[in-house]
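Following: one structure in structure tokens, then a few remarks.
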Amino acid sequence: SAVISQKPSRDICQRGTSLTIQCQVDSQVTMMFWYRQQPGQSLTLIATANQGSEATYESGFVIDKFPISRPNLTFSTLTVSNMSPEDSSIYLCSDSLQMNTEAFFGQGTRLTVV
Amino acid sequence: LAKTTQPISMDSYEGQEVNITCSHNNIATNDYITWYQQFPSQGPRFIIQGYKTKVTNEVASLFIPADRKSSTLSLPRVSLSDTAVYYCLVGPLGAGRRALTFGSGTRLQVQP
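Just so you know, the sequences run in chain order R and V.
Taking my numbering, the leading residue of the first sequence gets 574, the next gets one more, and so forth.
Taking my numbering, the leading residue of the second sequence gets 16, the next gets one more, and so forth.
So this is what it looks like as structure tokens:
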């Protein structure tokens with residue numbers, strides 16, 4: 574199994590500011606994924622982060638708003654930029670160690686923008 | 016990816032068996048069925064995965080009929096700690112590491 578540590582676990586931020594969320598995996602993994610989960614809703618994929626290349630973003634998400642770094646095979650960050658109250662959500666990172674098996678998730682970052 | 020349909024919510028009592036059914040009419044030949052559980056303030060956690068017939072592990076059973084157009088997650092003798100959202104996902108394996116597509120999920124509330 575993989576252990577994914579995500580921080581901060583929660584934060585309250587002022588609108589217009591940015592927050593960087595960190596995700597650390599205890600094993601080397603090729604791909605990591607960032608999801609958003611709005612209150613009471615399901616998970617929506619933001620982007621896929623590969624080490625050594627730019628992240629691939631899903632429709633509705635752009636790099637200027639959600640820049641992602643992937644400096645090595647065990648770490649990734651997601652920044653929520655120029656935040657507004659609509660960005661209040663839970664942000665989760667995920668990975669699967671092997672091609673055919675379960676995915677592992679961090680515990681999530683609960684972001685509140687005021 | 017095949018679209019899934021689940022009940023939005025279910026209620027149960029401690030000690031009862033809970034069956035959550037997921038419809039996936041457009042499931043493809045190489046698709047597997049996977050269930051995840053999500054507690055409040057936590058990321059989803061893998062429960063069980065199957066392709067056909069029945070799969071059982073220490074947590075749950077998964078029943079898949081021959082046509083594979085639906086599946087049923089069975090939780091035996093639930094407790095209060097089984098209160099969570101349960102997601103049914105359908106997709107191919109062996110396709111490389113890829114992100115998961117989550118449907119709306121079923122919110123299970125277990126009462127004492």
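Ideal placement from N, C-alpha and C gives every residue a C-beta, glycine not left out.
The structure presented is a predicted model; accordingly, all values stated were derived computationally and were not measured.
Using a beta-carbon distance below 8 Å, is residue i in contact with chain R?
i                      : result
residue 115 of chain V : yes
residue 24 of chain V  : no
residue 78 of chain V  : no
residue 21 of chain V  : no
residue 124 of chain V : no
residue 119 of chain V : yes
residue 59 of chain V  : yes
For my contact list, residue i and residue j are in at a C-beta cut-off of 8 Å; report their separation, rounded to the angstrom.
i                      : j                      : result
residue 646 of chain R : residue 661 of chain R : Not really, about 31 Å apart at Cβ, beyond 8 Å.
residue 721 of chain R : residue 682 of chain R : Outside the shown range of chain R (574 to 687) lies residue 721 of chain R, about which nothing can therefore be said.
residue 1 of chain V   : residue 90 of chain V  : As shown, chain V starts at 16 and ends at 127. That puts residue 1 of chain V outside it, with no answer to give.
residue 28 of chain V  : residue 125 of chain V : 7 Å
residue 77 of chain V  : residue 97 of chain V  : The Cβ separation is near 16 Å, so there is no contact.
residue 678 of chain R : residue 665 of chain R : 5 Å
residue 119 of chain V : residue 85 of chain V  : With 8 Å as the limit, residue 119 of chain V and residue 85 of chain V do not qualify as a contact, their Cβ atoms being about 16 Å apart.
residue 599 of chain R : residue 635 of chain R : About 31 Å; that fails the 8 Å criterion.
residue 608 of chain R : residue 619 of chain R : 6 Å
residue 93 of chain V  : residue 31 of chain V  : 6 Å
residue 19 of chain V  : residue 100 of chain V : Going by Cβ atoms, the distance from residue 19 of chain V to residue 100 of chain V rounds to 14 Å, so no, they are not a contact pair.
residue 631 of chain R : residue 61 of chain V  : About 22 Å separates the two Cβ atoms, so there is no contact after all.
Give me, in chain order, the residues of the same chain whose beta-carbon lies closer than 6 Å to that of residue i; leave out the 5 immediate sequence neighbours on both sides.
i                      : result
residue 658 of chain R : 686
residue 34 of chain V  : 87 and 89
residue 622 of chain R : 605, 628, 641, 643 and 649
residue 597 of chain R : 578 and 648
residue 107 of chain V : 45 and 46
Could you tell me whether the Cβ of residue i comes closer than 8 Å to any Cβ of chain V?
i                      : result
residue 654 of chain R : no
residue 611 of chain R : no
residue 675 of chain R : yes
residue 615 of chain R : yes
residue 648 of chain R : no
residue 665 of chain R : yes
Considering only residues of the same chain and omitting the five flanking positions on each side of residue i, which have a CB-CB separation below 7 Å?
i                      : result
residue 590 of chain R : 656
Take residue i and list the residues in its own chain whose beta-carbon comes closer than 8 Å to its own, dropping the five residues that flank it on each side.
i                      : result
residue 638 of chain R : 653, 654 and 655
residue 616 of chain R : 608, 609, 610 and 665
residue 668 of chain R : 575, 577, 598, 602, 604, 605, 606, 676 and 677
* Between the region 578–602 of chain R and chain V, which residues of the former have a C-beta closer than 7 Å to a C-beta of the latter? -> So nothing in the stretch comes that close.
* Listed from N- to C-terminal order along the chain, which residues in the region 618–641 of chain R have their beta-carbon within a distance smaller than 8 Å of any beta-carbon of chain V? -> So the list reads 618 and 621, given in the order they occur along the chain.
* beta strand (DSSP E) segments (min. 3 residues) lying fully within the region 641–670 of chain R -> Within the region 641–670 of chain R, complete beta strand (DSSP E) segments of at least 3 residues are found at 641–645, 648–653 and 662–668, given in chain order.
* Within the region 605–640 of chain R, note down every full beta strand (DSSP E) run reaching 3 residues or more, in order along the chain. => With a minimum length of 3 residues, the continuous beta strand (DSSP E) runs that stay inside the region 605–640 of chain R are 616–623.
* Taking only runs of the beta strand (DSSP E) that begin and end inside the region 26–50 of chain V, which ones reach a length of at least 3 residues, in chain order? -> Every beta strand (DSSP E) of 3 residues or more that sits fully in the region 26–50 of chain V is shown, in chain order, as 33–38.
* Residues from the region 31–57 of chain V in contact with chain R, defined by Cβ distance under 9 Å -> The region 31–57 of chain V vs chain R, Cβ under 9 Å: 47, 49, 51, 53, 56 and 57.
* Where in the region 72–117 of chain V do unbroken runs of the beta strand (DSSP E), each at least 3 residues long, occur, reported from the N-terminal end onward? -> Taking only runs of at least 3 residues, the beta strand (DSSP E) segments lying wholly in the region 72–117 of chain V are 76–79, 85–90 and 99–107.
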